[in-house]
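A.B. asks: Heads up: the sequence shown begins at 2 in the numbering used here, then just goes up one per residue. C-beta: ideal position from N, C-alpha, C; glycine also. None of these values were measured; they are calculated from a predicted model. Below are the structure tokens for one structure; questions will follow.
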Amino acid sequence: MDDGKINMTHGSGGEAYRSLIKEIFLPEFENQFILPMTDSAVVPAGVRVAFTTDGYVIKPLFFPGGDIGRLAISGTVNDLAVSGARPLYISVGMIIENGFEKEKLRAIVRSMAKTAKEADVLIVTGDTKVVETGGCDGIYITTSGVGVFEDNITPPRQIPMPGDAIIASGYIGSHGVAVMAARAELDFTPPIESDVRPMAAAVRAVAEVGVRINAMRDPTRGGVASVLLEWAEAAGASITLEEEKIPVRGDVASACSLLGIDPLYSANEGVVLFSVAPDDADAAVDALKNVPGCKAAAVIGRVGDDGADRGAVRVLTKYGTYRRVMPATGVLLPRIC
């Protein structure tokens with residue numbers, strides 16, 4: 002009898018397992034590469050391939066603006082995109098707790114399929130395991146992704162150059178705040194929504210207008226601050242941000258003030274940071290503003306070119322003073338992705 006929940010037989014490899022695949026996964030993920038249901042998907046690829054993998058254990062599984070399924074696909078697509086590759090194929094591994102509700106699984110899988118379509122990628126292979134009650138917290142997802150480097154795209158060197166403009170593709174900090182608020186059941190009205198979305202289109206838009214991208218990253222755990230500190234160290238230069246130019250949504254800024262959080266350290270799942278040649282900054286911002294979710298794109302700072310304060314990141318405040326951005330210590334917010 003089907004009680005609408007995942008149980009240990011669904012992970013046994015037998016009839017219940019096959020029924021689960023046919024009932025929930027195949028209707029959403031169906032394509033010519035996954036349908037043979039073999040142990041590996043055989044897919045066409047370019048000469049130069051980017052390959053990434055990531056695990057998702059976010060709590061709660063559903064949050065304003067997204068869920069673990071949308072997060073898993075977006076995160077993998079974004080990791081490929083910021084390497085300079087065009088995302089193509091994704092594999093999905095799921096560890097599901099005995100007793101997990103099928104309707105929740107169905108919603109997660111449907112969200113993954115919708116996000117994959119949005120990102121123009123195919124989910125081509127996967128695996129599902131079921132563990133005993135208490136063996137995991139509902140569901141964990143691991144995704145791997147493959148992308149190719151196209152001939153007209155030069156992969157970034159991933160080290161900012163002196164004088165570069167630092168660009169944020171949109172509002173920062175919303176994912177971390179949204180998840181924290183949902184987990185703590187904080188009553189913000191309306192609820193603060195995560196920015197989680199695939200960002201390959203944003204990267205492609207900047208590349209296609211001929212912008213010289215020296216570095217790009219998606220500032221997830223540790224936020225914008227962590228990426229910029231890594232960049233400053235790698236470049237052997239300072240980075241100066243202008244506080245008034247950093248795009249932060251009003252509701253996120255208010256929540257950060259209430260919770261004592263600096264938006265620079267809050268996780269993002271739908272933002273790309275670019276370090277571009279200064280002459281290309283306006284073209285990059287203009288290109289981004291035509292991409293959904295990037296209307297707030299802005300130049301937020303510059304890489305120093307005078308050799309002073311190497312490795313330092315500082316913010317010019319609205320009062321005309323400077324404050325240092327320091328490396329985060331301790332656990333900022335566990336299970337954010």
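On the three-state DSSP scale, how would you describe residue 303?
C.D. replies: For this step, residue 303 is matched to residue 302 along the sequence shown. Looking at residue 303 - three-state DSSP - the assignment turns out to be strand.
A.B. asks: List, from N- to C-terminal side, the beta strand (DSSP E) runs of 3 residues or more that fit wholly inside the region 179-230.
C.D. replies: If we require 3 residues or more, the beta strand (DSSP E) runs fully inside the region 179-230 come out as 214-218.
A.B. asks: At which residues does the beta strand (DSSP E) containing residue 287 begin and terminate?
C.D. replies: Within the sequence shown, numbered from 1, the residue matching residue 287 stands at position 286. Per DSSP, residue 287 belongs to no beta strand (DSSP E); it is in the alpha helix (DSSP H), 282-289.
A.B. asks: For residue 180, count neighbouring C-beta atoms within 10 Å of its own C-beta (all shown protein chains included) and say buried if the count is 16 or more, exposed if not.
C.D. replies: The residue given as residue 180 occupies position 179 in the sequence shown. By the neighbour-count rule (16 or more Cβ atoms within 10 Å), residue 180 is buried.
A.B. asks: Under 8 angstroms Cβ to Cβ from residue 223, same chain only, skipping five residues before and after it: list those, please.
C.D. replies: Here residue 223 is taken as the residue at index 222 of the sequence shown, counted from 1. Closer than 8 angstroms at Cβ, skipping near neighbours: 266, 268, 329, 333.
A.B. asks: Which ranges would you report for the alpha helix (DSSP H) in the region 81-147 if only whole runs of at least 4 residues count?
C.D. replies: Within the region 81-147, the complete alpha helix (DSSP H) runs of at least 4 residues are 103-120.
A.B. asks: Is the region 281-294 close to the region 224-242, with three or more CB pairs under 8 angstroms?
C.D. replies: Judged by Cβ distances under 8 angstroms, the region 281-294 makes no contact with the region 224-242, as fewer than three pairs qualify.
A.B. asks: Closest to residue 235 by C-alpha separation, out of 215, 249, 198, would be which residue?
C.D. replies: Here residue 235 refers to the residue found at position 234 when the sequence shown is read from its first residue. Nearest C-alpha to residue 235: 215.
A.B. asks: To the nearest angstrom, how far is the alpha carbon of residue 158 from that of residue 311?
C.D. replies: Looking up residue 158 in the sequence shown gives position 157. Looking up residue 311 in the sequence shown gives position 310. Taking the straight line joining both Cα atoms gives about 19 angstroms.
A.B. asks: May I ask you to report which of helix, strand or coil DSSP gives residue 316?
C.D. replies: The residue labelled residue 316 in the question sits at position 315 within the sequence shown. Three-state result, residue 316: strand.
A.B. asks: From residue 182 to residue 45, what does the alpha carbon distance come to, in whole angstroms?
C.D. replies: In the sequence shown, counting from the first residue as 1, residue 182 sits at position 181. In the sequence shown, counting from the first residue as 1, residue 45 sits at position 44. Cα to Cα, the separation comes out at about 43 angstroms.
A.B. asks: From the DSSP output, read off the bridge partner residues of residue 6.
C.D. replies: As a first step, residue 6 is located in the sequence shown; it is residue number 5 there, counting from the start. Per DSSP, 102.
A.B. asks: For residue 239, tell me which candidate among 262, 160, 184 has the shortest Cα-Cα distance.
C.D. replies: Residue 239 sits at position 238 when you count from the first residue of the sequence shown. Answer by Cα proximity: 160.
A.B. asks: Taking 7 angstroms as the limit between beta carbons, can you name the residues of its chain near residue 154, skipping five residues before and five after?
C.D. replies: Within the sequence shown, numbered from 1, the residue matching residue 154 stands at position 153. So the list reads 85, 208, once near-sequence residues are dropped.
A.B. asks: Taking Cβ to Cβ, would you say residue 5 is nearer than 7 angstroms to residue 130?
C.D. replies: Indexing the sequence shown from 1 puts residue 5 at position 4. Indexing the sequence shown from 1 puts residue 130 at position 129. No. Outside cutoff.
A.B. asks: Evaluate contact between the region 165-181 and the region 100-108, counting only Cβ atoms and requiring at least three cross-stretch pairs below 8 angstroms.
C.D. replies: No, they do not touch.
A.B. asks: So for residue 19, helix, strand or coil by DSSP?
C.D. replies: Along the sequence shown, read from residue 1 onward, the residue named residue 19 stands at position 18. Three-state DSSP puts residue 19 in a helix.
A.B. asks: Under 7 angstroms between the Cβ atoms of residue 146 and residue 91?
C.D. replies: Start at 1 with the first residue of the sequence shown, and residue 146 comes out as number 145. Start at 1 with the first residue of the sequence shown, and residue 91 comes out as number 90. Yes, they are a contact pair.
A.B. asks: Determine the DSSP secondary structure at residue 334, reduced to helix, strand or coil.
C.D. replies: For the purposes of this step, residue 334 is taken as the residue at position 333 of the sequence shown. Three-state DSSP puts residue 334 in coil, outside helix and strand.
A.B. asks: CB residue 200 to CB residue 79, shorter than 7 angstroms?
C.D. replies: For the purposes of this step, residue 200 is taken as residue 199 along the sequence shown, with counting starting at 1. For the purposes of this step, residue 79 is taken as residue 78 along the sequence shown, with counting starting at 1. Result yes, Cβ atoms of residue 200 and residue 79 sit closer than 7 angstroms.
A.B. asks: Exposed or buried, which one is residue 170 when buried takes at least 16 other CB atoms within 10 Å?
C.D. replies: Translated into the one-based positions of the sequence shown, residue 170 becomes position 169. Residue 170 comes out buried.
A.B. asks: Helix or strand or just coil, what does DSSP make of residue 267?
C.D. replies: Here the question's residue 267 lines up with position 266 in the sequence shown. Of the three classes helix, strand and coil, the one that applies to residue 267 here is coil, per DSSP.
A.B. asks: In whole angstroms, what separates the C-alpha of residue 263 from that of residue 188?
C.D. replies: Numbered from 1 along the sequence shown, position 262 holds the residue referred to as residue 263. Numbered from 1 along the sequence shown, position 187 holds the residue referred to as residue 188. If you take the alpha carbons of residue 263 and residue 188, they lie about 20 angstroms apart.
A.B. asks: With a threshold of 16 other CB atoms inside 10 Å of the CB of residue 306, please say whether the residue is buried or exposed.
C.D. replies: Translated into the one-based positions of the sequence shown, residue 306 becomes position 305. Classification of residue 306: exposed, given that the 10 Å Cβ count is below 16.
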